[in-house]
Every structure is written in structure tokens, then in C-alpha cells.
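**Student:**
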Amino acid sequence: AGEISDLNNYRPISILPVLSKIIERHVHDCLFYYLTINNLIYSNQSGFRSEFGTETAVAFIVDSLLLNLDKNLINGMVLVDYKKAFDMVDHCILLDKLGAYHLDQSSLDWFKSYLSDRKQYVNFKRQSSTTKVITDEVPQGSILGPLLFLVFINDLPLHINTQVDLFADDTTLLAATDYNDINELNEKLSLEVSNVQNWAITNKLPLNTTKTKTILISGKRLKAKLTPENQTLNIKLNDDSLEQEHTVKLLGFNMDEDLNFDTHVDIIAMKLSKRIGILKSIKSYLPRNERILLYNAMIKPLFLYCSITWTNCRPSKNNITKIFKLQNPALRQNYP
């Protein structure tokens, strides 16, 4: 993400030989089985785990928000962002964490060898840069990299006293209080942000203050009862006040402070209209099987992504109808 001209927005991808991938797959499966069978992976970690994904992560969070609103509690959320999380994993700390999960010495020696003496360089237009030894990262593009990062961040929730949901490095803090007591909510979340900051410093994983956002989710019913002073979160990180948003993008899902999903539905509808228009303009040039392929790749995912969540919206807005009215013209491009 970010400007394509900014080199800081690029990440190195490891190019692995086939034999290495075979070995990595075996080690990955053994380590993942060991962590799973012993219930060592944090239960609300949805990243890189079978039967979990971004949709389950969003569903967990929205379910908690709705339960709190039913209890007349307002919700405060902090979406924590790290600076180049996968590129900042300290190898010594990672090996210590693997040791804390009681891996034997031969396994630790293997992982130390796996992480050590890796080099990278940039090749552009047949010109290669000098090589650089990698001392801090899990290899991106590798099979083991994602699982090793899960191990690295797995102890973070032990330092947090409120709800925390993870998708790999995407960290969401959630706290709730009575709608008349915004100060308690600010105190709770400020404490937890400080706890995350302390963990991040200890683990040499710096936070990105400018991209860490907050949102107050009160729902329309409770929002009407809030006084103006009870609608503002005041949470600080490194003496900087975190920006409060009216809408945040959580794992590709647009969540608004009323939790009616109108914003998400409007964005979906706009994207669908544009993509249906593109499909319509090229319809006469493509056979049906290729049009269906484009529909499945460009249009269908917009209908389905997080539909378990956004279909739980206000009937008065007819959000479901608004979206599925676009289904018919989309299908007509394939089945005239």
C-alpha cells in the first residue's frame, strides 16, 4: 500500500528453491500441529490458520460490538498498526519464544540455521544491487514465514486486559463501558495502548502512530443519548493523540460508528456498478465462459465478502436489496 514511487512501501519476497519448499512444508506442518494440539495459538488469532480468515476476524469483532450495544454499552476500538511488522522480527527474540513453547534443542538449532545468513539483493533491468545480510525478518514469500510471525506475536494478548483480536499483525483492541462514562473508556483504552506500546518496545516491533486509528461505536440508539463530550475518544500514543474516525477499514470491511454497515454497502454498490459497466462494455468481445470467469473474479467476491456480517443491517435502509438488485444486471452479462 502507499505511493508506488516510495521505496519504503516495497517488501522483499524470498525466491525459494523447490527442495527448500518441500522441507519447509514438512517443518511447517509439524510445528503447526504441535502448536494446535497443545492449544498454544491465541484463540482470537485468525491469520494463517485453517478455517479462519479475515471474515471470521470481522465476524468475531462485530459480534462482540453488537452484544455490548444490547447491554447499553458503548464500544471503543483501537486499530493498531505496526511499521513493517514482518520485516522487523528479531531472530533472537523469535528463537527465545520458540524455546518458551518447549521445542527441543535440535529443533531450535534448525530454526536458527534457517533464519541465519540470509541475503537479499534487488535486480532491475538486468542490474543487481549489492547483497545485504538479513538480521531481522521472517522470510516473506516463504512457507514458514507466516507461522513464525504468529509465534512471534502470540504472547501479545497476555499483556492486554481487554479484548484483543488479531489477524497476523493486524491488532484490534476493544473495550466497552456505560454510555454515560466516556472517561472510563478512555482510561481503559489508553492503558491497553500503553501495554501494546511496552510489548512492542520489548519485542523491537515499532508502532506506526499515524496509521493507528480509534473509533467510538455507539449505534444509532445509544448515540442519540450521548452528550457531545461523551462522543470523543482521547487516547494517546507517544504523547500524540490518536485520530478518531467515523468510519474505519478493518481487514477490507468498512465499519461505521452506527454499526449499520451503510458505508460498506454504499462502497460495494459503487464498485459493483463500475465493474458491471466494464463487463458490459466488453461483453460482445468475449465468449460466455470467459465472461463467467471475469464475473467470478471481479464481481462475485464483492457480493460475498463479509456478507455474513453486512447482511445484518437495518431493514429500513434496504441495504440487502440495494446490493442484490445489482446481481441481476451482472448475471445478464453472462446469460442473455
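If you're matching positions, the sequence shown starts at 20 in the working numbering and goes up one per residue.
Built from N, CA and C at the ideal position, the CB exists for glycine as well.
Would you give the residue range spanned by the beta strand (DSSP E) that residue 232 belongs to?
**Tutor:** Against the sequence shown, residue 232 aligns to sequence position 213. Here the beta strand (DSSP E) through residue 232 covers 232–236.
**Student:** What residues in its chain sit with their C-beta under 6 Å from that of residue 324, if we drop five residues either side in the sequence?
**Tutor:** Taking the sequence shown and counting its residues from 1, the one referred to as residue 324 is at position 305. Excluding sequence neighbours, residue 324 sits near nothing in its chain.
**Student:** Out of 220, 141, 202, point me to the one whose CA is closest to residue 30's CA.
**Tutor:** Here residue 30 corresponds to residue number 11 of the sequence shown, with the count starting at 1. Nearest C-alpha to residue 30: 141.
**Student:** Give the secondary structure of residue 262 by DSSP, where H, G and I count as helix, E and B as strand, and everything else as coil.
**Tutor:** Start at 1 with the first residue of the sequence shown, and residue 262 comes out as number 243. Looking at residue 262 - three-state DSSP - the assignment turns out to be strand.
**Student:** Residue 327 and residue 74: beta carbons closer than 9 Å?
**Tutor:** Indexing the sequence shown from 1 puts residue 327 at position 308. Indexing the sequence shown from 1 puts residue 74 at position 55. Their beta carbons are under 9 Å apart, which means residue 327 touches residue 74 by this criterion.
**Student:** Name, in chain order, the residues that DSSP records as bridge partners for residue 97.
**Tutor:** Here residue 97 refers to the residue found at position 78 of the sequence shown. Its beta-bridge partners are 192, 233.
**Student:** Considering Cα atoms alone, identify which of 163, 198, 190 is closest to residue 211.
**Tutor:** For the purposes of this step, residue 211 is identified with residue 192 of the sequence shown, where counting begins at 1. If we check each option's Cα against that of residue 211, 190 comes out closest.
**Student:** Are the CB atoms of residue 252 and residue 95 nearer to each other than 9 Å?
**Tutor:** Looking up residue 252 in the sequence shown gives position 233. Looking up residue 95 in the sequence shown gives position 76. For residue 252 and residue 95, yes; Cβs fall inside 9 Å.
**Student:** Of the residues 329, 346, 227, which one's Cα is nearest the Cα of residue 99?
**Tutor:** The sequence position of residue 99 within the sequence shown is 80, counting from 1. Here the closest residue by C-alpha is 227.
**Student:** Starting from residue 116, follow the alpha helix (DSSP H) in both directions and report where the run begins and ends.
**Tutor:** In the sequence shown, the residue the question calls residue 116 occupies position 97. Taken as a continuous stretch (DSSP letters only), the alpha helix (DSSP H) holding residue 116 covers 110–119.
**Student:** Taking all protein chains shown into account, decide if residue 188 is buried (16 or more other Cβ within 10 angstroms of its Cβ) or exposed.
**Tutor:** Position 169 of the sequence shown, counting from 1, holds the residue named residue 188. Per the 10 Å Cβ criterion, buried.
**Student:** Specify the secondary structure class of residue 335 as computed by DSSP and reduced to three states.
**Tutor:** Here the question's residue 335 lines up with position 316 in the sequence shown. Note on residue 335: pLDDT 47, under 50, position unreliable in the model; no value is reported.
**Student:** Could you check whether residue 301 and residue 348 sit closer than 9 Å to each other, using their CB atoms as the reference points?
**Tutor:** One-based indexing of the sequence shown puts residue 348 at position 329. One-based indexing of the sequence shown puts residue 301 at position 282. Their beta carbons are not under 9 Å apart, which means residue 348 does not touch residue 301 by this criterion.
**Student:** Taking the CB atoms as reference points, tell me whether residue 231 and residue 256 lie closer together than 9 Å.
**Tutor:** Within the sequence shown, the letter at position 212 stands for residue 231. Within the sequence shown, the letter at position 237 stands for residue 256. A contact, by the Cβ cut-off of 9 Å.
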